[in-house]
Structure formats: structure tokens, C-alpha cells
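To keep things clear, I will list the structure first and then write my remarks on it.
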Amino acid sequence: VQLQASGGGLVQSGDSLRLSCVVSGNIFSLDVMRWYRQSSGKQREFVAVLQSYSMRTEYADSVKGRFTISRDNAKNTLTLQMNSLKPEDTAVYYCNGHSFDPVRDYWGQGTQVTVSS
53 VQLQASGGGL
63 VQSGDSLRLS
73 CVVSGNIFSL
83 DVMRWYRQSS
93 GKQREFVAVL
103 QSYSMRTEYA
113 DSVKGRFTIS
123 RDNAKNTLTL
133 QMNSLKPEDT
143 AVYYCNGHSF
153 DPVRDYWGQG
163 TQVTVSS
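In the numbering used here, the protein residues as written are 53 to 169.
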């Protein structure tokens, strides 16, 4: 399984972006899918999670109400819709897929999001 993230860019405060993470391989082998982000000089932090079977989602408090994680099984794609972007959302965004059996983690290469004020 390989993950390829895309969709980042330079936007202004208040704009929207939609990130995509295309899964090469069996997306159904991924039990949990997440988005993380890493700002310059900071540790990677959790952004959003989607449980594959229940489709339950959870978000970091900093993005709750602005970001939406979703998955399109037909397109083998995980997306992150980001609205009302703020300068503090500036980071490299990574998609992650996790399987329970066997226990494995897969990471995309990251896509840069820059929000100017």
C-alpha cells in the first residue's frame, strides 16, 4: 500500500483548500485513516481521523468545525476539506493509513499548505 498526498498550496486567510490522499493498493486494508500536520520547528500533530468501518470521525480542537475528513472508496481516496483557513494552519500535511492485522502504518509524502494573513 502506498499513499500519495496532494492539493496543498498558497492561499489567503479565510480561503479553502481540499487535500487528497490517493491509496495505491487495497484501501479496505486500512482500518483507520488520519491526517497529521507539521509546522516548521514543531512536532507532527494530529488533525483528523476516520474509522473505516464505522465512518466515525474526530478532529483536533484547533480545526473542529472548519475541516472535514472523508473517504471515497470508489476512488481509493481520503480527502481533507479545509475551510476558513488561518495562518496557524500553515504546515506540511501528511496522510496516514493504519491496519490492525497485521499492524502497519503507511504515510504519504506530505503536501505543503501555506496560509497568508
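The C-beta atom is built at its ideal place from N, Cα and C for all residues, glycine as well.
Since the structure is predicted, the reported quantities are computational estimates derived from the model, not experimental observations.
Taking the DSSP output, what are the residues bridged to residue i?
i, result
"G61", "V165"
"E97", "R89"
"E69", "What sits at residue 69 in the sequence shown is Leu, not Glu. DSSP lists M134 as partners of L69."
"L82", "Answer is none; L82 lacks a bridge partner."
"V75", "L55"
At what residues does the beta strand (DSSP E) containing residue i begin and finish?
i, result
"D157", "V155 to W159"
"N148", "A143 to F152"
"D124", "F119 to D124"
What is the DSSP secondary structure of residue i, reduced to helix, strand or coil?
i, result
"A112", "coil"
"S106", "coil"
Would you call residue i buried or exposed, if buried means 16 or more other Cβ atoms sit within 10 Å of its Cβ?
i, result
"S104", "buried"
"A126", "exposed"
"G93", "exposed"
"F119", "buried"
"R108", "exposed"
"R70", "exposed"
"G160", "buried"
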